[in-house]
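Presented below is the structure to which this report refers.
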Amino acid sequence: MIENPAVEVEDGSVRSVPELISALGDAVGVALPAVRVTGGDPVLPSVYRLGALAAASVGAVTAAAAAHWSMRGGPGSAEVAVDVRHAALAFQSERHFRVDGVPSVSWAPLSGDYRTSDGWVRLHCNFDHHRDAALRALGLPLGAAEGEVARRCESRTAADVEEAVTREGGCAAAMRSRAEWLAHPQAAAVAALPLVGLRRISAEGGDARTRTPDNVPGRPLAGVRVLDLTRVIAGPVAARTLAAHGAEVLRVGAAHLPEVPGLVVETAFGKRSCHVDLRSEAETLRELVRGADVVVQAYRPGALRDRGYGPEDLARLRPGVVCVDVSAYGSRGPWGGRRGFDSLVQMASGIASENGDGTRPCPLPAQALDHATGYLAAFGAIAGLLRRAAEGGSWQVEVSLARTAGWLDALGRTDGASAPQPSPDEVLAVMDSPFGELTYVTPPGLIEGAAPHWASPPPRQGEHAPEWPTGAAGPAPVNRRGGSG
Numbered sequence: 001m002i003e004n005p006a007v008e009v010e011d012g013s014v015r016s017v018p019e020l021i022s023a024l025g026d027a028v029g030v031a032l033p034a035v036r037v038t039g040g041d042p043v044l045p046s047v048y049r050l051g052a053l054a055a056a057s058v059g060a061v062t063a064a065a066a067a068h069w070s071m072r073g074g075p076g077s078a079e080v081a082v083d084v085r086h087a088a089l090a091f092q093s094e095r096h097f098r099v100d101g102v103p104s105v106s107w108a109p110l111s112g113d114y115r116t117s118d119g120w121v122r123l124h125c126n127f128d129h130h131r132d133a134a135l136r137a138l139g140l141p142l143g144a145a146e147g148e149v150a151r152r153c154e155s156r157t158a159a160d161v162e163e164a165v166t167r168e169g170g171c172a173a174a175m176r177s178r179a180e181w182l183a184h185p186q187a188a189a190v191a192a193l194p195l196v197g198l199r200r201i202s203a204e205g206g207d208a209r210t211r212t213p214d215n216v217p218g219r220p221l222a223g224v225r226v227l228d229l230t231r232v233i234a235g236p237v238a239a240r241t242l243a244a245h246g247a248e249v250l251r252v253g254a255a256h257l258p259e260v261p262g263l264v265v266e267t268a269f270g271k272r273s274c275h276v277d278l279r280s281e282a283e284t285l286r287e288l289v290r291g292a293d294v295v296v297q298a299y300r301p302g303a304l305r306d307r308g309y310g311p312e313d314l315a316r317l318r319p320g321v322v323c324v325d326v327s328a329y330g331s332r333g334p335w336g337g338r339r340g341f342d343s344l345v346q347m348a349s350g351i352a353s354e355n356g357d358g359t360r361p362c363p364l365p366a367q368a369l370d371h372a373t374g375y376l377a378a379f380g381a382i383a384g385l386l387r388r389a390a391e392g393g394s395w396q397v398e399v400s401l402a403r404t405a406g407w408l409d410a411l412g413r414t415d416g417a418s419a420p421q422p423s424p425d426e427v428l429a430v431m432d433s434p435f436g437e438l439t440y441v442t443p444p445g446l447i448e449g450a451a452p453h454w455a456s457p458p459p460r461q462g463e464h465a466p467e468w469p470t471g472a473a474g475p476a477p478v479n480r481r482g483g484s485g
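Here UniProt numbering is used: the first residue of the sequence shown is 1, the next is one more, and so on.
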């Protein structure tokens, strides 16, 4: 088994994955314990170093959780480790998820890649209002079939379809080469951003000990309250990861908001779920913020600020809060407020082109940008808690799928296009739930004495009251070999 594998990064230097993890800690001003990494690329079928991406992002949040545990009275010498294969399979968690043995995550019929007069474009239609926006942009009636969409796309350029759909409030991306993306002004704006941005937004607010005491037994994030205002993958993965290390996570949705049903369940392990309609229950959300340590949001940049829930607003409501903002293309540049999803960022940034032969889209074998960004967001959240404990104040974390795509690009390439898909069997566990028996990928990463795990199954949407209760732990997971998860 390869230990602490090396990666040749963009500047030509060779760095081990533990060195990449250490660099992430340095960038946000926190000291991380050493991480032992086993395995290496290629692990998933791709020319990109997805194993290194997975191990570095998972390793960073695992090390940060260990540092937080140590800061609050846990052991200061607990071994921290990550297995590349396990981390990479966790990047495919929705692919391996089963409810009573049946896959439950599916995509809408019109979502997909379409040939255009000069290349390819991808439409994201998993939400009905995004589907309807795409149809309006193409001059098609609601209910139009996939063949009609394909014919309209064939008659237009990829950039034309991309811009027309975006103007209508939908989500689309033209397939660009790596060179075309690097020449785009949004690429320059994204490249100027840190991979994990962390800044103090207010000096007001005490340290972590003002509400969460030292010497908390058992779990690295026990007593930390996380308000999860996210949907789809990246943001929910961030909050789910914090739950795996013991945080109390309350996911806030609303009955009128569209969801991808299978993903809602798959990303909800260890969480509670409530409904709050921001249009009529603003004070309810404000009260939840007042009791939170971390607020994770993945609305389009500026959307919550327009409603009075920007980072500075949250810091006034809850001095000492850590605000985590997840976006597709970052908050700056010409696309700073643009909606986007993993598959679209892969298209726009050249990944879908370079992962194949450039003649048609070849997506990564995982929603790797979503998952890596989710783990980085969780890492940033814990880094914010550590900085709060040391310096006080309120903090903001910013991550984006496009900036993560740049990091993946900088990790170089591997001869892995024909690598076999690894079996997930050894990292699967089962858990009973209100939905049936769930088969899922266990949380990757290891802290000696505090292995990450989810203490409760996914709840039904809106099952809990919009408040911060203290509940009993749920059933422990059981893996396929009959041991503890």
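Backbone N, C-alpha and C fix where the C-beta goes; we use that ideal spot for every residue, glycine too.
Here the structure is a predicted model, which means the values were calculated and not measured.
With contacts defined as CB atoms closer than 7 Å, Val149 and Leu110 qualify as a contacting pair. The region 159 to 176 and the region 337 to 348 touch, with no fewer than 3 CB-CB distances between them shorter than 8 Å. The way I'd put it, the region 275 to 282 doesn't touch the region 115 to 133; fewer than three beta-carbon pairs between them come closer than 8 Å. In this structure, Arg49 places its C-beta atom within 7 Å of the C-beta atom of Leu411.
Shown here for Val441: same chain residues with a beta carbon closer than 7 Å to its own, the five before and five after excluded, namely Leu89, Ala90, Ser93, His96, Pro424, Val427, Leu428 in chain order. Residues Trp120 of the same chain have their beta carbon placed closer than 7 Å to that of Arg360, with the five preceding and five following residues left out of the count.
For Ile201, the enclosing beta strand (DSSP E) starts and ends at 197 to 202. For Ser353, same chain residues with a beta-carbon under 6 Å away, outside a window of 5 residues either side, are Met175, Ser177 in chain order. Just so you know, the alpha carbons of Gly223 and Pro469 end up roughly 12 Å apart. For Met175, no alpha helix (DSSP H) segment is defined, and its DSSP state is neither H nor E. Looking at the DSSP output, His275 bridges to Gly253. Close CB contacts of Leu193 within its chain, under the 8 Å cut and outside five residues either way in sequence, are with Gly330, Arg332, Glu398, Ser400, Arg403 (chain order). For Tyr375, there is no enclosing beta strand (DSSP E); the enclosing alpha helix (DSSP H) covers residues 368 to 391. Judged by DSSP in its simplified three-state form, Glu281 adopts coil rather than helix or strand. Looking from the CA of Leu314, the closest CA among Val326, Pro301, Asp293 belongs to Asp293. In the three-state scheme derived from DSSP, where H, G and I count as helix and E and B as strand, Gly436 is classed as strand. Distance between Trp69 and Glu448, taken at the CA atoms: about 11 Å. The criterion of a C-beta distance shorter than 7 Å is satisfied by Ser46 and Gly416.
Here Gly384 is buried, its C-beta having at least 16 other C-beta atoms within 10 Å.
For Cys362, the CB contacts under 8 Å within the same chain, skipping 5 residues up- and downstream, are Ala352, Ser353, Asn355, Gly356 in chain order. Sorting Val321, Arg318, Val326, Val289 by C-alpha distance to the C-alpha of Ala303 places Val326 at the top.
In the DSSP secondary-structure assignment, Arg413 is bridged to Tyr48. Here DSSP, grouped into helix, strand and coil, assigns Pro363 to coil.
Residue environment analysis places His275 among the buried positions, since at least 16 neighbouring C-beta atoms fall within 10 angstroms of its C-beta. Annotated three-state conformation of Glu467 is coil, per DSSP. Considering only Thr267, Gly253, Arg85, Leu221, the residue with the shortest C-alpha distance to Ala238 is Thr267. Val121: member of the beta strand (DSSP E) spanning 120 to 123, first to last residue. A residue is called buried once 16 or more other Cβ atoms fall within 10 Å of its Cβ, and Gly139, having fewer, is exposed.
In terms of Cβ geometry, Asn126 and Ala145 do not form a close pair [threshold 7 Å]. Between Leu317 and Val289, the gap from beta carbon to beta carbon is short of 7 Å.
A check of alpha carbon separations from Val264 across Pro319, Ala244, Gly235 identifies Gly235 as the nearest. Annotation: the continuous beta strand (DSSP E) that includes Gly112 extends over 112 to 115. The alpha-carbon of Glu287 is positioned some 11 Å away from that of Leu227. Residue burial is scored here from C-beta neighbours: His129 has fewer than 16 other C-beta atoms within 10 angstroms and is therefore classed as exposed. Counting along the chain, the unbroken alpha helix (DSSP H) around Glu163 starts and ends at 158 to 167.
Contact between Tyr309 and Val58 is absent: CB atoms are separated by about 30 Å, not below the 8 Å threshold.
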